[in-house]
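First up is the structure itself, then whatever we jot down about it.
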Amino acid sequence: MSDRSWLTVQQGDAPLLVSIPHTGTDLAGRDDGFVSPWLARRDTDWWIEQLYDFAGDLGATVVRTSVSRSIIDVNRDPSGASLYPGQATTELCPTTTFDGEALYREGQVPDADEVARRRAAYFEPYHAALEGEIARLRALHPHVVLYDCHSIRSVIPRLFEGKLPLFNLGTNSGNSADPALQEQVAALMAATGRPSVVNGRFKGGWITRHHGRPEQGVHALQMELSCRGYMLEPEGKIEPSNWPSRYDPAFAAPMRATLTKIFETALAWAGSRHS
Ligand SMILES: N=CN[C@@H](CCC(=O)O)C(=O)O
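Going by the numbering used here, the sequence shown opens with residue 29, and the numbers climb by one from there.
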């Protein structure tokens, strides 16, 4: 039997499934192939588990992989098709960082067989876990919310102009969730008085697009937070001495309070839907 210790499924019975796909730092024994382990881990969604560690107390189910997105990105189309044709993004097995630097040493980029191996080893089980938990929760509730947690540095010129809004809600342009749920979450983001957008630069990745089926009671939301909302972001160049900055619970507290309200609202919304 294959080792699944990299995949965590913490079960709850509330109609909320939380996906944490990008906090993994495990380079799956391939450390030597990367330009540096630090570079391979730089685009990790830092401290997202700590930020959302209240989820279990609300009865949510949490699915997480500890394998780095630089090994395989479970939020990409497994066919290799781009999430945003014509725009810069990263691939299923990324060959570059978000900023466009080469991730691998010469001759070390994974070939098609290695991509297929990583897909079978890590991508398929992650999505099977999400499917399984969606089915389990749907047997308990007519409507469930799948909430996919992300974060990204506030300034990445290759991906977007200027400073990214603090809250970036994606629903695949309104196709992955009921509009009323989207509206309620958007209202909570706006009520913070901080910059927020719905279906802006980040509209939802593969997790949102593939699993969101509102007509079948599965409502998928992707939340992309700008890192500055819960951790210190250096003004200048990102380097090993300043990135990632440590997790400071006091600094993150206001963001956690907003995210808690968002979860409570999503739970109340799902619980109020009877058919
Ligand atoms: N921090 C991660 N961000 C997501 C964004 C998905 C999207 O492009 O909407 C990712 O790269 O998978």
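The beta carbon of each residue, even a glycine, is placed where N, CA and C say it ideally should be.
Shortest alpha-carbon distance to residue i belongs to which of the options?
i    : options                   : result
Q136 : S201, P43, L197 and R58   : R58
P153 : S254, D127, R92 and D85   : R92
H155 : A281, Y275 and G240       : G240
S269 : L67, D31 and H247         : L67
R147 : R133, A167, S182 and S96  : S96
P113 : W34, A163 and R229        : R229
P65  : R186, T53, F151 and L35   : T53
G160 : D101, V90 and S201        : V90
F151 : G40, S98 and D81          : S98
D31  : T123, D71, S273 and S94   : S94
P277 : G108, Y258, K265 and A294 : Y258
A208 : G190, A296, I266 and T125 : A296
V102 : S273, R69 and I48         : I48
L35  : E189, I290 and A149       : A149
E142 : P223, I100, E129 and E263 : I100
G245 : K289, R70, A167 and V63   : A167
A157 : A144, E129, P223 and I235 : I235
F279 : T72, S107, Y175 and L260  : L260
S224 : E263, L111 and S254       : S254
V63  : P106, E129 and S33        : E129
G221 : T286, S107 and L111       : T286
Below 8 Å on the Cβ atoms is my guess for residue i versus residue j; work out the distance and round it to an integer in Å.
i    : j    : result
V37  : C177 : About 15 Å separates the two Cβ atoms, so there is no contact after all.
L79  : R284 : 6 Å
R133 : G61  : 6 Å
P242 : S204 : 7 Å
T125 : R70  : 6 Å
Y175 : A294 : 7 Å
Taking the CB atoms as reference points, tell me whether residue i and residue j lie closer together than 8 Å.
i    : j    : result
D127 : I184 : yes
H238 : P43  : no
A298 : V213 : no
G20  : Q210 : What is shown of the chain runs 29 to 303, which leaves residue 20 out entirely.
H302 : H247 : no
L86  : E292 : yes
A116 : L187 : yes
T51  : E77  : yes
L131 : P122 : yes
K191 : S201 : no
P272 : W74  : yes
A109 : G40  : no
R104 : L120 : yes
Taking only beta-carbon positions, decide if residue i is within less than 8 Å of chain C.
i    : result
Q115 : Absent from the structure is chain C; it holds one protein chain and no more.
Are there any heavy atoms of ligand 3 lying less than 7 Å away from the beta-carbon of residue i, as far as the coordinates show?
i    : result
E129 : Ligand 3 is absent from the structure shown, which contains only ligand 1.
(message) Using 8 Å as the cut-off, can you tell me whether the stretch 189–198 makes contact with the stretch 217–224, which would need three or more C-beta pairs spanning the two stretches below that distance?
(response) Pairwise C-beta distances place the stretch 189–198 in contact with the stretch 217–224, as three or more of them are shorter than 8 Å.
(message) To test your reading of the DSSP string, which unbroken alpha helix (DSSP H) runs of 4 or more residues are found completely within the stretch 36–88?
(response) The stretch 36–88 contains these whole alpha helix (DSSP H) runs: 65–69 and 76–79.
(message) List, from N- to C-terminal side, the alpha helix (DSSP H) runs of 4 residues or more that fit wholly inside the stretch 179–247.
(response) Unbroken alpha helix (DSSP H) runs of no fewer than 4 residues, entirely contained in the stretch 179–247, are found at 207–219 and 234–239, following chain order.
(message) For a minimum of 4 consecutive residues, which ranges assigned as the alpha helix (DSSP H) are wholly contained in the stretch 265–302?
(response) Taken in chain order, the unbroken stretches of alpha helix (DSSP H) that lie wholly in the stretch 265–302 and span 4 residues or more are 277–300.
(request) With a floor of 4 residues, list each alpha helix (DSSP H) that falls wholly inside the stretch 94–182, ordered by position along the chain. (result) Listed in chain order, they are 140–146 and 152–168.
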